[in-house]
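Chemist:
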Amino acid sequence: MRTPRHLPVALVALVTLAAATACSDGGPRGTLPGHGSAGTWFVQSLTTGGKTLTAPPVAQVRFPASESDRATGNYGCNGFIAKVTYDGPGAITVEPGSTTAMACENTEFETAFSKLLTGRLAVEHQTGRLTLKTADGSTIAMSSEPPAPDAPLTATAWTVTSLLSGETAASVPAGAAGKAVFTIAPDGAASGSLGCNRFSAKAAVEGPKVSFGPLTSTRMACQGPQGELEAKLTALFGSGPLGWKVRGDTLTLTAADGSGLTAKAASAAE
């Protein structure tokens, strides 16, 4: 981590200590003593302005058990300190304090998180979950457990769960759920099922892009939901380089025209 500039040494030390504590096995994780929110909470996502932003793994908040202490955490890149007032079991008020000042790549999430985590917030508890809600209905969803590491793109069996069209995601056609599965081996050999027929192809991963060569498949006649899914996946894999991104156990493939898919990691390929 780069050393923050123009910050008091005490602040740098405090933020570094908070991050180390949150990532370690020691200390409370999302415990519910006192006012019900004390402990370390790992941010999962933000929902604001009709958009959901997935949190980077380092985004977290540690709420103190006493109002005499300060909350510490990470907005997704920069660390922060804040004053917290507990307004009974159903609300808290957050007054942001100092932050570090590193240049960050994921500025959209960081900016949104710092904006939402301020003022009076409604608090909703479930087992292992904490949701903070702003007056305009925006939410911060958090978990008591740290996020799972991202599954690898290769050597993972991916099951297609939805199809994308621009900003819209739709579940795979009814009757085809779980039918489309594919794996990209470390040597680039791709194989699986398109929903009906099995296929194989050569895949090339170059940074954030993956390209599939010509597909070779079995020749069963496919109709109904499975045939519909197969036609869309065949077109997607043949459309040129696809952007890929893995968050936890979810893979997103996106073509230049906005079409794409999401898939869940099933198990490591043998």
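Per mature numbering (1 follows the signal peptide of the UniProt record, and there is no 0), the sequence shown runs over residues -24 to -1, 1 to 246.
Here a beta-carbon is modelled for each residue, glycine too, at the ideal position from N, C-alpha and C.
Using C-beta distances below 6 Å, list every residue in its chain close to A98, excluding the 5 sequence neighbours before and after it, in chain order.
Modeler: Position 122 of the sequence shown, counting from 1, holds the residue named residue 98. Same-chain partners within the cutoff: A67 and K109.
Chemist: Just the Cα atoms here: how many angstroms apart are D163 and A179?
Modeler: On the sequence shown, residue 163 is found 187 positions in, with the first residue counted as 1. On the sequence shown, residue 179 is found 203 positions in, with the first residue counted as 1. C-alpha separation (whole angstroms): 9 Å.
Chemist: Using the Cα positions of G189 and L209, report the straight-line distance between them to the nearest angstrom.
Modeler: Working through the sequence shown from its first residue, we reach residue 189 at position 213. Working through the sequence shown from its first residue, we reach residue 209 at position 233. Distance between the alpha carbons of G189 and L209 is about 13 Å.
Chemist: Look at L170 and A156 and say whether their C-beta atoms are less than 8 Å apart.
Modeler: As a first step, residue 170 is located in the sequence shown; it is residue number 194 there, counting from the start. As a first step, residue 156 is located in the sequence shown; it is residue number 180 there, counting from the start. Yes, the Cβ-Cβ distance between L170 and A156 is below 8 Å.
Chemist: Under the assumption that F175 contacts S167 (Cβ atoms under 8 Å), give the Cβ distance between them as a whole number of angstroms.
Modeler: On the sequence shown, residue 175 is found 199 positions in, with the first residue counted as 1. On the sequence shown, residue 167 is found 191 positions in, with the first residue counted as 1. Correct: roughly 7 Å between the Cβ atoms.
Chemist: How would you label T144, buried or exposed, when you count the other beta carbons within 10 angstroms and need 16 or more for buried?
Modeler: Here residue 144 refers to the residue found at position 168 of the sequence shown. It is exposed - the Cβ of T144 has fewer than 16 other Cβ atoms within 10 Å.
Chemist: If you draw a straight line from the alpha carbon of G203 to that of T194, how long is it in whole angstroms?
Modeler: For the purposes of this step, residue 203 is taken as the residue at position 227 of the sequence shown. For the purposes of this step, residue 194 is taken as the residue at position 218 of the sequence shown. If I take the Cα positions, the gap works out to 13 Å.
Chemist: Look at the alpha carbon of D63 and the alpha carbon of T107, and state the distance between them as a whole number of angstroms.
Modeler: Position 87 of the sequence shown, counting from 1, holds the residue named residue 63. Position 131 of the sequence shown, counting from 1, holds the residue named residue 107. Computed Cα separation, rounded: 15 Å.
Chemist: Just to confirm my understanding: we take E84, look at its own chain, exclude 5 residues before and 5 after, and list those with CB closer than 8 Å. What are they?
Modeler: The residue labelled residue 84 in the question sits at position 108 within the sequence shown. Counting only Cβ-Cβ distances below 8 Å, and skipping sequence neighbours, we find L29.
Chemist: On the CB-based measure, 16 or more other CB atoms within 10 Å of its CB, does A146 come out buried or exposed?
Modeler: Indexing the sequence shown from 1 puts residue 146 at position 170. Exposed, by the Cβ-count rule.
Chemist: Is the separation between the beta-carbon of N50 and that of V70 shorter than 8 Å?
Modeler: Residue numbering aside, residue 50 sits at position 74 when the sequence shown is read from its first letter. Residue numbering aside, residue 70 sits at position 94 when the sequence shown is read from its first letter. Not a contact, by the Cβ cut-off of 8 Å.
Chemist: Is T76 helix, strand or coil by DSSP?
Modeler: Counting from one through the sequence shown, the residue named residue 76 turns up at place 100. The answer is coil: DSSP assigns T76 none of H, G, I, E or B.
Chemist: If L227 sits next to W134, beta carbons under 8 Å apart, how far is it from one beta carbon to the other, in whole angstroms?
Modeler: Against the sequence shown, residue 227 aligns to sequence position 251. Against the sequence shown, residue 134 aligns to sequence position 158. That belief holds up - the Cβ atoms of L227 and W134 are roughly 5 Å apart, short of 8 Å.
Chemist: Does the separation of the CB atoms of R38 and G73 fall below 8 Å?
Modeler: The residue labelled residue 38 in the question sits at position 62 within the sequence shown. The residue labelled residue 73 in the question sits at position 97 within the sequence shown. Against a cut-off of 8 Å, the Cβ pair of G73 and R38 comes out as no contact.
Chemist: What alpha helix (DSSP H) runs, 4 residues minimum, are completely inside the segment 81 to 161?
Modeler: Listed in chain order, the complete alpha helix (DSSP H) runs (minimum 4 residues) inside the segment 81 to 161 are 83 to 92.
Chemist: With DSSP run on the structure shown, which of helix, strand or coil describes E43?
Modeler: Taking the first residue of the sequence shown as 1, we reach residue 43 at position 67. It is coil, neither helix nor strand.
Chemist: Rounded to whole angstroms, what's the CA-CA distance from V148 to V136? Just pull it up for me.
Modeler: For the purposes of this step, residue 148 is identified with residue 172 of the sequence shown, where counting begins at 1. For the purposes of this step, residue 136 is identified with residue 160 of the sequence shown, where counting begins at 1. Looking at the two C-alpha atoms, the distance is approximately 8 Å.
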